[in-house]
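J.: Numbering (our numbering), first residue to last: 80 to 215.
For every residue, glycine included, the Cβ atom is placed at its ideal position computed from N, Cα and C.
Given below as structure tokens:
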């Protein structure tokens, strides 16, 4: 249910109003079938987590109620939160390890050929054909 409600929330404005996604869009977003999305929406409506506010054209207009009922954490304030201000324990050694870098490119490129040059008389072609059993 939360996953479907989150998909609806993705389409809502900041107040939880004006939510217009189609069941098809929510199904694509969640991976559920459209029928399963409709079942979940019915449960969300029954719980009061999603309200149908009529239709706009052919689409349902939904509303997500935001307030005390949906956000029990709102009872406290952020000033009530406490935490530690101590630095985390542990070591802060500088990591050591491989410090190798890529080799520097040579200033003078090699002029030596790296492979045996191919012949221009077709002998390499013949060798290739005979190696693969191709008759000429």
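Can you tell which of 185, 213, 145, 188 has its C-alpha closest to the C-alpha of residue 93?
T.: Selected option, being the one with the closest Cα: 145.
J.: With residue 119 as the anchor, note down where its beta strand (DSSP E) starts and where it stops.
T.: From DSSP, residue 119 is part of no beta strand (DSSP E) but of the alpha helix (DSSP H) over 113-126.
J.: Less than 8 angstroms separating the beta-carbons of residue 130 and residue 142?
T.: Yes, the pair counts as a contact, with Cβ atoms nearer than the cut-off.
J.: Report buried or exposed for residue 123, applying the criterion of at least 16 other Cβ atoms within 10 angstroms of its Cβ.
T.: So residue 123 ends up on the buried side.
J.: Taking the alpha helix (DSSP H) that residue 104 belongs to, which residues open and close that run?
T.: Run containing residue 104: 102-109, per the alpha helix (DSSP H) assignment.
J.: Short check: CB of residue 102 to CB of residue 90, under 8 angstroms?
T.: No. Outside cutoff.
J.: Could you spell out the range, first to last residue, of the alpha helix (DSSP H) harbouring residue 134?
T.: No alpha helix (DSSP H) holds residue 134; the beta strand (DSSP E) holding it covers 130-135.
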